[in-house]
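Novice:
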Amino acid sequence: HPGYLTFCKDLYYQWDCDSVVFIGDVADFQGISFHANNPECPGPSDEYTLTKQKIQQWYKAFPKAKVCIGNHDERVIRLAESVNIPSKFLRNFAEIWKTPGWDWDYEHIIDEVCYLHGTKRGGINPAWNTSAKKLMSVVMGHCHARTGIKWRANLLRRIFSVDVGCGIDIDAFQFAYGKHIDERPILAAAVVLDGIPYSEIMPCGRGEIYHKSNFKGEIK
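The numbering used here numbers the first residue of the sequence shown as 14 and each following residue consecutively.
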């Protein structure tokens with residue numbers, strides 16, 4: 014969504030945050046996939062150029078961050094593996110996207126909270142289910158239509174599970190596959206402050222501050 018970066022920057026300053034975690038699928042890689050390509054989308058080379066331009070906007074806003082590698086981010090790796098190309102022949106994500114200040118990994122543990130993209134997870138309460146299996150607090154993405162916070166506790170501790178939502182633009186060609194899905198994506202982000210999570214919905218409906226009509230000319 015063209016207004017999602019502004020929304021996240023606003024949250025960062027409103028909450029006086031001191032660290033940033035990208036929950037994953039920083040890139041879509043529609044043109045590099047096992048699935049059929051959408052003929053309306055840019056090819057792999059053009060998609061890379063456009064994606065890098067957009068990522069550099071985020072890098073300028075948040076030069077220090079942790080990134081959870083998502084299933085779309087690793088499409089190049091999976092495709093290379095399918096034709097027997099080992100990882101030593103591939104560049105790392107920080108080099109590909111020119112983000113030396115970002116720490117890319119599949120999971121990050123910060124203050125006993127696990128941040129991960131959520132690849133292979135699903136269901137109505139994906140973060141809740143993942144938290145139960147990991148026996149720890151979890152902040153997770155991947156499921157575009159899931160947002161919110163749930164708690165569980167025993168006599169010794171309490172833990173939370175957060176589905177952060179997403180920042181996608183449903184009108185983009187890359188998401189044409191979802192046009193017949195009844196549940197729509199929830200644009201949102203999350204803040205964890207002193208061990209307490211907060212879910213922030215992005216006001217992006219008609220007439221609201223982050224509606225895309227207020228961001229004409231932004232790179233999609």
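We put the CB at the ideal spot given by N, CA and C, even for glycine. Keep in mind it's a predicted model, so treat the numbers as computed, not measured.
Just checking my contact of Asp211 with Ala203 at CB under 8 Å: how many whole Å lie between their CB atoms?
Specialist: Locating residue 211 in the sequence shown gives position 198, where the first residue counts as 1. Locating residue 203 in the sequence shown gives position 190, where the first residue counts as 1. Going by the sequence as given, residue 211 is Tyr instead of Asp. The Cβ separation is near 7 Å, so the contact holds.
Novice: To which residues does DSSP link Phe35 through a beta bridge?
Specialist: As a working note, residue 35 is residue 22 in the sequence shown. Its beta-bridge partners are Val80.
Novice: Applying the 10 Å Cβ sphere with the 16-neighbour rule, what's the burial state of Trp141?
Specialist: Reading the sequence shown from its first residue, position 128 is the one you call residue 141. Answer is buried; the Cβ neighbour count reaches 16.
Novice: Is DSSP giving Cys21 helix, strand or coil here?
Specialist: Counted from its first residue, the sequence shown places residue 21 at position 8. Here Cys21 sits in helix by DSSP.
Novice: Pairing CB atoms from the region 148-157 with CB atoms from the region 26-42, are three or more of them under 8 Å?
Specialist: These segments touch.
Novice: Kindly give me the distance between the Cβ atoms of Ser100 and Ser144, rounded to whole angstroms, as I take these residues to be in contact under 8 Å.
Specialist: As a position in the sequence shown, residue 100 is number 87, starting the count at 1. As a position in the sequence shown, residue 144 is number 131, starting the count at 1. Not quite, the Cβ-Cβ distance comes to about 30 Å (not below 8 Å), so this is no contact.
Novice: Any chance you could list the alpha helix (DSSP H) runs of at least 4 consecutive residues sitting entirely within the region 113-159, in chain order?
Specialist: Here the runs fully enclosed are 139-147.
Novice: Within the continuous alpha helix (DSSP H) that includes Phe106, where are the two ends?
Specialist: Residue mapping note: residue 106 aligns to position 93 of the sequence shown, counting from 1. It spans Phe106 to Ile109 - the alpha helix (DSSP H) in which Phe106 sits, taken as one unbroken run.
Novice: Could you give the distance in angstroms between the alpha-carbon of Cys81 and the alpha-carbon of Phe106?
Specialist: Locating residue 81 in the sequence shown gives position 68, counting from the first residue. Locating residue 106 in the sequence shown gives position 93, counting from the first residue. Using only the alpha carbons, I get a separation of about 11 Å.
Novice: Rounded to whole angstroms, how far is the Cβ of Trp66 from the Cβ of Gln187, which I believe are closer than 8 Å?
Specialist: The sequence position of residue 66 within the sequence shown is 53, counting from 1. The sequence position of residue 187 within the sequence shown is 174, counting from 1. In the sequence on display, residue 66 carries Gln and not Trp. Wrong, their Cβ atoms sit about 16 Å apart, outside the cutoff.
Novice: Buried or exposed for Ile68, please, with buried defined as at least 16 other CB atoms from any protein chain shown within 10 angstroms of its CB.
Specialist: The residue you call residue 68 lines up with position 55 of the sequence shown. Classification of Ile68: buried, given that the 10 Å Cβ count is 16 or more.
Novice: Can you say whether Leu129 is buried or exposed, counting buried as having 16 or more other CB atoms within 10 angstroms of its CB?
Specialist: Sequence index remark: in the sequence shown, residue 129 carries index 116 (1-based). Buried is the call here.
Novice: Taking the straight line between their C-alpha atoms, what separation do you get for Phe47 and Glu53?
Specialist: Here residue 47 is taken as the residue at index 34 of the sequence shown, counted from 1. Here residue 53 is taken as the residue at index 40 of the sequence shown, counted from 1. Each residue's Cα considered, the two are about 17 Å apart.
Novice: Of the choices Asn51, Phe228 and Leu206, whose alpha-carbon is the least far from that of Asp124?
Specialist: Sequence index remark: in the sequence shown, residue 124 carries index 111 (1-based). Measuring from the Cα of Asp124, the nearest candidate turns out to be Leu206.
Novice: Would you identify the three-state DSSP class for Glu221, choosing helix, strand or coil?
Specialist: Here residue 221 corresponds to residue number 208 of the sequence shown, with the count starting at 1. Looking at Glu221 - three-state DSSP - the assignment turns out to be coil, as it is neither helix nor strand.
Novice: Determine, using beta carbons only, whether Tyr223 and Phe75 come nearer to each other than 7 Å.
Specialist: As a working mapping, residue 223 is identified with position 210 in the sequence shown. As a working mapping, residue 75 is identified with position 62 in the sequence shown. Going by C-beta atoms, Tyr223 is not nearer than 7 Å to Phe75.
Novice: The beta strand (DSSP E) with Arg12 in it runs from where to where?
Specialist: The requested residue 12 does not occur in the structure, where the chain is confined to residues 14 to 233.
Novice: In the DSSP assignment, find the unbroken alpha helix (DSSP H) run with Tyr72 in it and report its ends.
Specialist: To locate residue 72, count along the sequence shown from 1; it is residue 59. Here the alpha helix (DSSP H) through Tyr72 covers Pro57 to Ala74.
Novice: Does Ser226 pass the burial test, meaning 16 or more other C-beta atoms within 10 Å, or should it be called exposed?
Specialist: The sequence position of residue 226 within the sequence shown is 213, counting from 1. Per the 10 Å Cβ criterion, exposed.
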